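Visitor: The structure follows.
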C-alpha cells in the first residue's frame, strides 16, 4: 500500500515532523526499518507490545 508520510500523519492527526520523529524512534528501538519510500516492520511482537502499552495507559 503506497501512502505518503504526509498522508499517514494527517490520518493520525499529527504533524509530518512528529510522525517522522516517531518513525525514527521506532527504528532506533529496532522495531522498524525505514528506507526511502519504504517502512518495514522488523519486530512485529515488539511493535504490538508498544501499542498495547499505549492503549492500556502504561
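Numbering (the numbering used here), first residue to last: 5 to 62. Beta carbons are placed, not taken as given, at the ideal position from N, Cα and C, and that holds for glycine. Predicted model, so just to flag it, every value in this text is computed and none were measured.
Here's the rule: buried if 16 or more other CB atoms are within 10 angstroms of the residue's CB, otherwise exposed. What is residue 30?
Guide: With 16 or more Cβ atoms within 10 Å of its Cβ, residue 30 is classed as buried.
Visitor: Between residue 35 and the rest of its own chain, which residues show a CB-CB distance below 8 angstroms, the 5 nearest in sequence each way excluded?
Guide: Cβ within range, chain order: 45, 46, 47, 50, 51 and 54.
Visitor: By how many angstroms is the C-alpha of residue 21 removed from the C-alpha of residue 9?
Guide: Residue 9 and residue 21 have their C-alpha atoms roughly 9 angstroms apart.
Visitor: Would you grab the beta carbon distance between residue 23 and residue 12 for me? Rounded to a whole angstrom, and I think it's under 8 angstroms.
Guide: 6 angstroms
Visitor: Once DSSP output is grouped into helix, strand and coil, what is the label at residue 45?
Guide: Strand.
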